[in-house]
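Per our numbering, numbering through the sequence shown is continuous, rising by one, with the last residue being 372. Heads up, the beta-carbon is just placed ideally off N, CA and C, and yes, glycines get one too. In this text, all values refer to a predicted model and were calculated from it rather than measured experimentally. First up is the structure itself, then whatever we jot down about it.
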Amino acid sequence: MSRLKKIIKKVLNLIFSTNAIYSKNNFNDLLKNNLFKLLDVGATGGMDENWAEISDFCHYFTFDPDPRSKILSNFAKHTNYNIGLWSKKDLISFNLAKYPQASSIYKFNNENLSLFLNHECHQTVKTIKIHVNSIDNVFNGEKVDFIKLDAEGADLEILKGAENTIVKTCLGIQIEVSFINRHINAPYFSEIDDYLRKLGFSLFSIEPEKWIRKNNTFSITTNPQLIWGNAIYLLSKEKLINVLSNLPKSEAETIYLKYIISLLIYNFHDYAMEICETFNKLNILSDQICINSKKIILNSLPKSFAYLLKLVFSIILFSSCLLLFFAFSKIRKSCLNYLKKSLINLSKSILNVCRYGVNNSSITG
Numbered sequence: 008m009s010r011l012k013k014i015i016k017k018v019l020n021l022i023f024s025t026n027a028i029y030s031k032n033n034f035n036d037l038l039k040n041n042l043f044k045l046l047d048v049g050a051t052g053g054m055d056e057n058w059a060e061i062s063d064f065c066h067y068f069t070f071d072p073d074p075r076s077k078i079l080s081n082f083a084k085h086t087n088y089n090i091g092l093w094s095k096k097d098l099i100s101f102n103l104a105k106y107p108q109a110s111s112i113y114k115f116n117n118e119n120l121s122l123f124l125n126h127e128c129h130q131t132v133k134t135i136k137i138h139v140n141s142i143d144n145v146f147n148g149e150k151v152d153f154i155k156l157d158a159e160g161a162d163l164e165i166l167k168g169a170e171n172t173i174v175k176t177c178l179g180i181q182i183e184v185s186f187i188n189r190h191i192n193a194p195y196f197s198e199i200d201d202y203l204r205k206l207g208f209s210l211f212s213i214e215p216e217k218w219i220r221k222n223n224t225f226s227i228t229t230n231p232q233l234i235w236g237n238a239i240y241l242l243s244k245e246k247l248i249n250v251l252s253n254l255p256k257s258e259a260e261t262i263y264l265k266y267i268i269s270l271l272i273y274n275f276h277d278y279a280m281e282i283c284e285t286f287n288k289l290n291i292l293s294d295q296i297c298i299n300s301k302k303i304i305l306n307s308l309p310k311s312f313a314y315l316l317k318l319v320f321s322i323i324l325f326s327s328c329l330l331l332f333f334a335f336s337k338i339r340k341s342c343l344n345y346l347k348k349s350l351i352n353l354s355k356s357i358l359n360v361c362r363y364g365v366n367n368s369s370i371t372g
């Protein structure tokens, strides 16, 4: 069974990864003794597939207080904490939801959630007491390169308890943000955005999640309400320049490389090239690092036809698996999730290939 899971994992990584970001020639010498430190808060189900490409040189830290959680990992090093995170050390109530990934420290706003089709996922099945601590307390000055937060409303409090760590070492943050009141007294997107901007981070992208209302009235043209999204923030260029300018060259080069990796994980290819060209002019890093990072960026760009072909293959694969294993609810749900992801990626890719729409520098195409 474990061997089968590994094979499935490799297939998924092959399907959802872009061209390899990592190769021994690119990163091994610099990062073999300085692993990329990735912190995942709310880690039920494991890390997103886009991070799998750097698993060979990544120390993966996970936090999830839900006793039902199962965290899968194939990272070079994995440290798990079965505690919750908050702005301080404490013992607080934790609401276990019917859908484990929806469990939250905050109580659900059932009045608002009941308006939507998937409201049953957010029903509280049990409330337990959990130990919580802050990121600053847990890491105590240890460097963290990137933070992924999915804490169902508790994200801002966790950020407040991580401020020293973020200001000192963090290069980027993926965080869940809400646009409606899903949890009683939980903060909205605007509060999180304001907080992170004050710390020197810039919003680069939001992966939106929209919900259909319970009346189930929709068609191919329906535009459902924006409910929440995964927002990706990056340390601003100005802040990065300031940080690296005051470090020894070897340390600055390692941090710079980790920053480029973070950009490529989220396919910010054009900005990665801009950063590369900026540092090449500033003369902060060695010429060889700038040359190598430019090659890495160009090599990470997938060939359009091959990538589209891979997405079409993934749609056929997951559709077939869905039909074959329809009777098995867990497999069926997984296949549906991956099929949805493949279809979304395909639609985005077609828009990019056509060079029309929001991804083109000209609104009119």
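{"Query": "Nearest-angstrom beta carbon gap, Asp162 and Ile182 [assumed within contact, 8 Å]", "Result": "5 Å"}
{"Query": "Straight-line gap, Ile282 to Asn299 (C-alpha atoms, nearest Å)", "Result": "13 Å"}
{"Query": "Buried or exposed (CB count within 10 angstroms, at least 16 for buried), Tyr113", "Result": "buried"}
{"Query": "Residue burial classification, Tyr195 (beta-carbon count within 10 angstroms, cutoff 16)", "Result": "exposed"}
{"Query": "Distance between Lys246 and Arg339 (C-alpha atoms, nearest Å)", "Result": "45 Å"}
{"Query": "Per DSSP, the bridge partner or partners of Arg220", "Result": "Phe123"}
{"Query": "Limits of the alpha helix (DSSP H) - the one that Glu245 falls within", "Result": "244 to 252"}
{"Query": "Spatial distance of Asp63 from Phe82 (CA atoms)", "Result": "6 Å"}
{"Query": "Own chain, CB closer than 8 Å to Ser293, minus 5 neighbours either side, in chain order", "Result": "Lys256, Glu260"}
{"Query": "Selected residue, minimal CA-CA separation from Lys348, among Ala193, Leu330, Asp143, Ser326", "Result": "Ser326"}
{"Query": "Burial state of Lys317, where buried means 16 or more other Cβ atoms lie within 10 Å", "Result": "buried"}
{"Query": "Where the beta strand (DSSP E) through Gln181 begins and ends", "Result": "179 to 185"}
{"Query": "Option in Glu118, Ile99, Pro215 with minimal Cα separation from Ser111", "Result": "Ile99"}
{"Query": "Contact set for Lys155: own chain, Cβ-Cβ below 6 Å, skip 5 residues either direction", "Result": "Asp47, Gln181"}
{"Query": "Alpha-carbon to alpha-carbon, Lys288 and Asp373", "Result": "With the chain covering only 8 through 372, there is no way to say anything about residue 373."}
{"Query": "Residue burial classification, Leu330 (beta-carbon count within 10 angstroms, cutoff 16)", "Result": "exposed"}
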